[in-house]
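A quick write-up on the structure given underneath.
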Amino acid sequence: MELDNRLYVRYLLELAALDDWRRHCCFPRLSSARSQTIYAAAIPLLCHVTSILVTQYAWRPLETPPDSLFRIQHPHNSSVEFILPSQMATLFQSPRPCERMFEALFAARIDPVSHKLLIAHPLFDLFRLLQLLMPGCFLVIDAEYISHDVDDDGEVSMIRWTNFSRALPPPEWLDAYSSVLLDIFGQERLALLRRAAAETSVLTSHDITFS
């Protein structure tokens, strides 16, 4: 018996995740003010994608709280909303609701033929942008099957995996949007992101799953 590899997304809105991937990628630490400046520079693009969702994909605009940029609702699932705060730090103050929102919003799945991650357009570009804004908080996990144990009844009792994580978009995505990203991140920061994106996935853990 051999099990297929797994590919999935993990949302982890914790400052510790930012620090872990800053060390992985050899990034300098950003001050809170600098992080907010970059986030603020991305707001026009975030709002533009939102307007596309409303005008071209029938998302419904809702009343926006005063401390938020926008609030829109999925056209076919009223329980799925997309709302972003005007201050990036707010995402880390209430992480669990935000993680659940992103999980429902992006509804990531795997292409059965290419085995690549699928997120509906234009949400995929939004996902990639958030990866750059908060490296380590939107992880694409590739879990490679190692081995498994079988109990006395012939049932699989334990499965071993090796997890490789990517916190950044592929370098070709950064190249395709380099002119837009340059205005947001600046030349030095974008070069660091591009270099880190070109490096291989980072081994993050060995998992054991009990069936």
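The UniProt record's numbering puts the first residue of the sequence shown at 1, with every later residue one more than the last. Ideal Cβ positions, reconstructed from N, Cα and C, are used throughout, including at glycine.
Within its chain, find whatever has a CB closer than 8 Å to the CB of residue i; leave out the 5 residues flanking it on each side and keep chain order.
{"i": "Pro135", "result": "Leu18, Trp21, Arg22, Cys25, Phe27, Ala167, Leu168, Leu193, Ala196"}
{"i": "Leu15", "result": "Phe92"}
{"i": "Val54", "result": "Arg60, Pro61, Ile72"}
How big is the Cα-Cα spacing for residue i and residue j?
{"i": "Thr64", "j": "Gln131", "result": "24 Å"}
{"i": "His48", "j": "Ser32", "result": "25 Å"}
{"i": "Tyr57", "j": "Ala143", "result": "33 Å"}
{"i": "Ser79", "j": "Leu46", "result": "21 Å"}
{"i": "Phe210", "j": "Ser35", "result": "Note that Phe210 scores a pLDDT of 42, beneath 50, so its modelled location is shaky; the value from the coordinates is reported in the next line. Computed Cα separation, rounded: 40 Å."}
{"i": "Ala191", "j": "Asp175", "result": "11 Å"}
{"i": "Asp111", "j": "Leu117", "result": "6 Å"}
Please confirm whether residue i and residue j have their CB atoms less than 8 Å apart.
{"i": "Leu13", "j": "Phe124", "result": "no"}
{"i": "Pro122", "j": "Ile43", "result": "no"}
{"i": "Leu182", "j": "Ser165", "result": "no"}
{"i": "Phe102", "j": "Tyr11", "result": "yes"}
{"i": "Ile83", "j": "Ser68", "result": "yes"}
{"i": "Ile184", "j": "Ala41", "result": "yes"}
Take residue i and list the residues in its own chain whose beta-carbon comes closer than 6 Å to its own, dropping the five residues that flank it on each side.
{"i": "Ile119", "result": "Phe106, Ala108, Phe127"}
{"i": "Ile141", "result": "Tyr8, Arg10, Asn163, Ser165"}
Kindly identify the DSSP beta-bridge partner or partners of residue i.
{"i": "Val140", "result": "Val9, Arg166"}
{"i": "Ile83", "result": "Arg71"}
{"i": "Leu135", "result": "Correcting the residue identity first, residue 135 is Pro in this sequence and not Leu. According to DSSP, which records beta bridges pairwise, Pro135 is partnered with nothing at all."}
{"i": "Arg60", "result": "Gln73"}
{"i": "Arg109", "result": "Leu118"}
For residue i, count neighbouring C-beta atoms within 10 Å of its own C-beta (all shown protein chains included) and say buried if the count is 16 or more, exposed if not.
{"i": "Tyr8", "result": "exposed"}
{"i": "Leu129", "result": "buried"}
{"i": "residue 221", "result": "Outside the modelled stretch of the chain, which goes from 1 to 211, sits residue 221, for which no answer is possible."}
{"i": "Pro97", "result": "exposed"}
Looking only at its chain, what residues have a beta carbon closer than 7 Å to the beta carbon of residue i, apart from the 5 residues adjacent to it on each side?
{"i": "Ala198", "result": "Pro171"}
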